[in-house]
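A.B. asks:
Structure, rendered in structure tokens:
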């Protein structure tokens with residue numbers, strides 16, 4: 006087995022088991038301890054793992070931050086299912102916030118309600134909603150983050166403080182037991198203001214976001230009313246969400262866990 010094949014096998018084991026020892030690598034791949042150690046060193050050099058005493062673990066902080074176009078290509082089918090279900094929660098004349106998430110984007114695509122007032126920091130969402138029947142759009146002002154096609158900063162937060170909303174639809178870079186996390190700290194201040202101004206906070210997160218921790222904590226799970234996802238999380242997650250009073254809806258079957 007070539008080294009690249011071994012590295013893939015080690016990472017696959019870590020995705021399932023969270024940890025691997027040198028002896029496990031030797032047994033799993035039929036290699037010597039020296040070879041196993043060299044493979045661990047190579048993975049550490051690439052930033053894929055963290056070396057521990059006698060083995061390795063996956064990094065606890067995700068450093069992946071693809072741009073908007075790259076995010077559009079990921080989990081497209083899952084995002085569409087989540088967005089379609091989320092759009093079904095809308096009513097005519099709802100006052101909404103929709104962010105620049107590529108999952109929330111599908112809420113806009115599947116929106117069929119009339120006379121909604123929509124606040125957004127997404128230049129793409131604003132353009133899409135301009136064609137919706139009688140929708141009134143408030144595009145936040147401020148600094149434009151080119152790579153993510155979103156507006157942020159003090160001016161956006163100030164504008165957001167003037168609004169009150171029925172529902173806020175938020176995506177997330179990561180969803181940990183500690184709450185929502187992001188790699189872009191400045192965005193979190195705007196999201197916190199949105200949460201304060203919305204009667205209902207709805208987070209759209211495909212299964213890949215669960216258990217993912219980014220650099221900056223945005224808010225705790227207790228500030229979320231509803232999470233819409235595409236796959237059942239594990240029992241630990243369901244217990245945690247139940248304890249903090251977060252409702253969970255799975256888009257594939259619309260199954261609820263209160």
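Numbering (the numbering used here), first residue to last: 6 to 263. Note that CB positions come from ideal geometry on N, CA and C, so glycine has one too. Values in this document were obtained by computation on a predicted structure and should not be read as measured data.
Under a CB-based cut-off of 8 Å, is residue 57 close to chain B?
C.D. replies: The question asks about chain B, but that chain is absent: this structure has only one protein chain.
A.B. asks: What residues match up with residue 165 in a beta bridge as DSSP calls it?
C.D. replies: Translated into positions along the chain shown, residue 165 becomes position 160. Answer is none; residue 165 lacks a bridge partner.
A.B. asks: Does the separation of the CB atoms of residue 60 and residue 109 fall below 8 Å?
C.D. replies: As a first step, residue 60 is located in the chain shown; it is residue number 55 there, counting from the start. As a first step, residue 109 is located in the chain shown; it is residue number 104 there, counting from the start. Contact flag unset, no.
A.B. asks: What does the alpha-carbon distance come out to for the pair residue 93 and residue 50?
C.D. replies: Along the chain shown, read from residue 1 onward, the residue named residue 93 stands at position 88. Along the chain shown, read from residue 1 onward, the residue named residue 50 stands at position 45. Rounded to the nearest angstrom, the two C-alpha atoms are 46 Å apart.
A.B. asks: On the CB-based measure, 16 or more other CB atoms within 10 Å of its CB, does residue 209 come out buried or exposed?
C.D. replies: Start at 1 with the first residue of the chain shown, and residue 209 comes out as number 204. Buried, since its Cβ has 16 or more Cβ neighbours within 10 Å.
A.B. asks: Note down, one range per segment and in chain order, each beta strand (DSSP E) of at least 3 residues found wholly within the region 11-69.
C.D. replies: Complete beta strand (DSSP E) runs here, min 3: 24-26, 55-57, 60-62.
A.B. asks: Would you kindly report the start and end of the unbroken beta strand (DSSP E) that includes residue 172?
C.D. replies: Here residue 172 corresponds to residue number 167 of the chain shown, with the count starting at 1. First-last of the beta strand (DSSP E) with residue 172: 170-175.
A.B. asks: For my contact list, residue 205 and residue 165 are in at a C-beta cut-off of 8 Å; report their separation, rounded to the angstrom.
C.D. replies: Taking the chain shown and counting its residues from 1, one reaches residue 205 at position 200. Taking the chain shown and counting its residues from 1, one reaches residue 165 at position 160. That belief does not hold up - the Cβ atoms of residue 205 and residue 165 are roughly 16 Å apart, past 8 Å.
A.B. asks: Residue 231 and residue 184 look like a contact to me (Cβ under 8 Å); what is the Cβ gap, rounded to whole Å?
C.D. replies: Position 226 of the chain shown, counted from the first residue, corresponds to residue 231. Position 179 of the chain shown, counted from the first residue, corresponds to residue 184. No, residue 231 and residue 184 are not in contact; Cβ-Cβ is about 15 Å, not under 8 Å.
A.B. asks: Let me check understanding here. Comparing Cα to Cα, which of 186, 116, 172 lies closest to residue 124?
C.D. replies: Here residue 124 refers to the residue found at position 119 of the chain shown. Closest option to residue 124, Cα to Cα, is 172.
A.B. asks: Go ahead and label residue 83 buried or exposed: buried means 16 or more other beta carbons lie within 10 angstroms of its beta carbon, across all protein chains shown.
C.D. replies: Residue mapping note: residue 83 aligns to position 78 of the chain shown, counting from 1. It counts as buried.
A.B. asks: What's the gap between the Cα of residue 19 and the Cα of residue 25?
C.D. replies: Translated into positions along the chain shown, residue 19 becomes position 14. Translated into positions along the chain shown, residue 25 becomes position 20. One C-alpha to the other measures close to 6 Å.
A.B. asks: Would you report the Cα separation of residue 243 and residue 135, rounded to the nearest angstrom?
C.D. replies: Taking the chain shown and counting its residues from 1, one reaches residue 243 at position 238. Taking the chain shown and counting its residues from 1, one reaches residue 135 at position 130. Looking at the two C-alpha atoms, the distance is approximately 38 Å.
A.B. asks: Can you grab the Cα-Cα spacing for the pair residue 142 / residue 161, in whole Å?
C.D. replies: Residue numbering aside, residue 142 sits at position 137 when the chain shown is read from its first letter. Residue numbering aside, residue 161 sits at position 156 when the chain shown is read from its first letter. Their Cα atoms are separated by approximately 14 Å.
A.B. asks: Is the beta carbon of residue 180 closer than 8 Å to that of residue 217?
C.D. replies: As a working mapping, residue 217 is identified with position 212 in the chain shown. As a working mapping, residue 180 is identified with position 175 in the chain shown. Going by C-beta atoms, residue 217 is nearer than 8 Å to residue 180.
A.B. asks: Taking just the CA atoms, how far does residue 250 sit from residue 13?
C.D. replies: Indexing the chain shown from 1 puts residue 13 at position 8. Indexing the chain shown from 1 puts residue 250 at position 245. Taking the straight line joining both Cα atoms gives about 39 Å.
A.B. asks: My assumption, with CB atoms under 8 Å, is that residue 86 sits in contact with residue 235. Please give the rounded CB distance.
C.D. replies: The residue labelled residue 86 in the question sits at position 81 within the chain shown. The residue labelled residue 235 in the question sits at position 230 within the chain shown. Confirmed, Cβ separation roughly 5 Å.
A.B. asks: Buried or exposed: which applies to residue 238, given that a residue is buried once 16 or more other Cβ atoms fall within 10 Å of its Cβ?
C.D. replies: Locating residue 238 in the chain shown gives position 233, counting from the first residue. So residue 238 counts as buried.
A.B. asks: Which residue comes first and which comes last in the alpha helix (DSSP H) that contains residue 123?
C.D. replies: Counting from one through the chain shown, the residue named residue 123 turns up at place 118. Counting along the chain, residue 123 falls outside any alpha helix (DSSP H), though it belongs to the beta strand (DSSP E) covering 122-125.
A.B. asks: Could you name the residues that DSSP lists as bridge partners for residue 157?
C.D. replies: For this step, residue 157 is matched to residue 152 along the chain shown. For residue 157, which the question treats as bridged, DSSP gives the partners 148.
A.B. asks: Measure how close the beta-carbons of residue 158 and residue 147 come, nearest whole angstrom, since I'm counting them as under 8 Å.
C.D. replies: Position 153 of the chain shown holds residue 158. Position 142 of the chain shown holds residue 147. Yes, residue 158 and residue 147 are in contact; Cβ-Cβ is about 4 Å, under 8 Å.
A.B. asks: Residue 234 bridges to which residues according to DSSP?
C.D. replies: Taking the chain shown and counting its residues from 1, the one referred to as residue 234 is at position 229. DSSP, once it has assigned bridges, lists 255 as partnering residue 234.
A.B. asks: Which of the three DSSP states is assigned to residue 229 in this structure?
C.D. replies: As a working mapping, residue 229 is identified with position 224 in the chain shown. Here residue 229 sits in coil by DSSP.
A.B. asks: Does the Cβ of residue 177 have 16 or more other Cβ atoms within 10 Å, making it buried, or fewer, making it exposed?
C.D. replies: On the chain shown, residue 177 is found 172 positions in, with the first residue counted as 1. That one is buried.
A.B. asks: Does DSSP put residue 195 in a helix, in a strand, or in coil?
C.D. replies: As a position in the chain shown, residue 195 is number 190, starting the count at 1. Residue 195: helix per DSSP, three-state reduction.
A.B. asks: Taking DSSP as the reference, what is the three-state secondary structure of residue 96?
C.D. replies: Numbered from its first residue, the chain shown carries residue 96 at position 91. Residue 96: coil per DSSP, three-state reduction.
A.B. asks: Return the bridge partner residues of residue 265 from the DSSP annotation.
C.D. replies: Nothing can be reported for residue 265: it is not among the residues displayed for the chain, which extend from 6 to 263.
A.B. asks: Please report the straight-line C-alpha distance between residue 21 and residue 212, rounded to a whole angstrom.
C.D. replies: Within the chain shown, residue 21 is the residue found at index 16, counting from 1. Within the chain shown, residue 212 is the residue found at index 207, counting from 1. Roughly 15 Å separates the two Cα atoms.
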